[in-house]
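Numbering (the numbering used here), first residue to last: 13 to 226.
Take a look at the structure set out below.
Given below as structure tokens:
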């Protein structure tokens, strides 16, 4: 299952920050189309029989090392965008989230007081998988639950999905918006190792430069 709250504590953070104005734009794809692009040994994590690809622009604020107060003057705010899909490490059961140009203008809607199972599945992931120098690495994440709102698209022009090897998305995307989570703790990025089975998952991520409009 995917948890609404962080599934584990990041007791020793490698980096701390806040994530602001996060937009989640998701499309469903056939599982086999997503699996061909996932590095071994990751398996696509499915919802309603489909794999999902998400475009997630946000601002990373007050980026700092552990022990540095969030109110320290001069801390950077960095725009970032991830193109991600959702995967499971087959031996450990850990789930995760695993970039091109875009122009996105969204219209935030009403707060989502009671997130549905799909709302949580698409947004609440507590580790990221990335491949660096040929090695699969896992980064744990902890923060307060997303305060989600609905969202509508005013402008969406993107080439990121195709640049990653997918066909052009069909149909309207599933949209969410979140104003901020302020207490983000990122653990050290370590090689993904075999562990006893755990009910956890996360995104397979690729970061790309943020577009001029979000």
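Cβ coordinates follow ideal geometry from the N, Cα and C atoms, glycine included.
What you are looking at is a predicted structure, and each value in this text was computed from that prediction instead of being measured.
According to the DSSP secondary-structure assignment, residue 90 is paired through a beta bridge with 72.
One Cα belongs to residue 78, the other to residue 42, and the distance between them is close to 41 Å.
Around the C-beta of residue 167, fewer than 16 other C-beta atoms lie within 10 Å, and the residue is accordingly described as exposed. Bounds of the alpha helix (DSSP H) holding residue 43 are 43-47. Here the C-alpha atom of residue 133 lies approximately 13 Å from the C-alpha atom of residue 56. When DSSP reads this structure, residue 182 sits in no beta bridge, so it has no partner. Cβ contact annotation for residue 149 (same chain, cutoff 8 Å, sequence separation greater than five): 141, 142, 143, 201, 202, 203, 204, in chain order.
A straight-line Cα-Cα distance of about 32 Å links residue 33 and residue 146.
In the displayed model, residue 117 falls within a strand according to three-state DSSP. Per DSSP, the continuous alpha helix (DSSP H) segment holding residue 130 begins and ends at 129-135. Bounds of the beta strand (DSSP E) holding residue 148 are 147-154. Bounds of any beta strand (DSSP E) do not take in residue 201, whose DSSP letter is neither H nor E. The continuous beta strand (DSSP E) containing residue 140 extends over residues 139-144. In the DSSP assignment, residue 168 forms a beta bridge with 116. Boundaries of the beta strand (DSSP E) harbouring residue 107: 107-109, taken from the DSSP string. Between residue 76 and residue 28, the C-beta spacing is below 8 Å. Rounded to whole angstroms, the separation of the alpha carbons of residue 83 and residue 58 is 40 Å. Here residue 117 is exposed, its C-beta having fewer than 16 other C-beta atoms within 10 Å. Per DSSP, reduced to three states, the secondary structure at residue 25 is coil, with no helix or strand assignment. Comparing alpha carbon positions, the residue from 169, 40, 18 closest to residue 182 is 40. In this structure, residue 156 sits near residue 195, with a CB-CB distance shorter than 8 Å.
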